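Residue numbers (this note's numbering): 752 to 860.
Below is one structure, written out as structure tokens; comments come after it.
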Amino acid sequence: MNSAGASEEMRGALADELGADWHDQDLPVPIMASEDFSYYLGKVPGAFALVGADDGENHDAPCHSPLYDFNDRLIPIVARCFARLAGAPLPNAGTDRFEEQSAPAALQE
């Protein structure tokens, strides 16, 4: 099960990258997926998140379909989300310099 603090940090990182309306309001929850990551969450606080790839441009096939085509446009967005969560420097828009940021509260404990 996701921990509240880590979940909030992930939601914040996604909102920072994608804007306040980043999430799918029509997605039924909870999602009953089978995932080994839950064993980690049983030992260490964290959050498991699904990042959808359907942008309406031939990226709407499910992951285990032979028609699945990974949406490469997600790579920089998700990489920046993970960098935010890790407290790593982020590139400033339009430059090759990086800005310092502190680690999220969940990682400082």
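For each residue, glycine too, the CB sits at the ideal point set by N, CA and C.
Given the structure is predicted, the values throughout are model-derived calculations rather than measurements.
What do you get for residue 786, buried or exposed, if any count of 16 or more other CB atoms within 10 angstroms of its CB means buried?
Here residue 786 refers to the residue found at position 35 when the sequence shown is read from its first residue. Burial call: exposed.
Who are the Cβ neighbours of residue 782 in its own chain at under 8 Å, not counting the five residues just before and after it?
The sequence position of residue 782 within the sequence shown is 31, counting from 1. Excluding residues within five positions, the ones whose Cβ falls inside 8 Å are 801.
Please check the pair residue 822 and residue 792, which I expect to be a contact at CB under 8 Å, by giving their CB distance rounded to whole angstroms.
As a working mapping, residue 822 is identified with position 71 in the sequence shown. As a working mapping, residue 792 is identified with position 41 in the sequence shown. At roughly 26 Å, the Cβ-Cβ gap does not stay under 8 Å, so residue 822 and residue 792 are not in contact.
How is the alpha helix (DSSP H) around residue 761 delimited, first residue to last?
One-based indexing of the sequence shown puts residue 761 at position 10. Segment 755 to 769, the alpha helix (DSSP H) holding residue 761.
Tell me the residue span of the alpha helix (DSSP H) that contains residue 792.
What you label residue 792 is simply residue 41 of the sequence shown in a count that begins at 1. It spans 788 to 792 - the alpha helix (DSSP H) in which residue 792 sits, taken as one unbroken run.
Give the range of the alpha helix (DSSP H) segment to which residue 831 is assigned.
If you number the sequence shown from 1, residue 831 lands on position 80. Here the alpha helix (DSSP H) through residue 831 covers 825 to 837.
Compute the Euclidean distance between the alpha carbons of residue 841 and residue 835, then round it to the nearest angstrom.
Along the sequence shown, read from residue 1 onward, the residue named residue 841 stands at position 90. Along the sequence shown, read from residue 1 onward, the residue named residue 835 stands at position 84. Their Cα atoms are separated by approximately 7 Å.
Please name the residue in 765, 772, 777 and 756 whose C-alpha comes closest to that of residue 828.
By 1-based counting over the sequence shown, the position of residue 828 is 77. For the residues 765, 772, 777 and 756, the minimum Cα distance to residue 828 belongs to 765.
Distance check for residue 820 and residue 839, CA to CA, integer angstroms please.
As a position in the sequence shown, residue 839 is number 88, starting the count at 1. As a position in the sequence shown, residue 820 is number 69, starting the count at 1. Going from the Cα of residue 839 to the Cα of residue 820 covers about 29 Å.
Going by alpha carbons, who is nearest to residue 755 out of 803, 798 and 769?
Locating residue 755 in the sequence shown gives position 4, counting from the first residue. The option with the nearest alpha carbon to residue 755 is 798.
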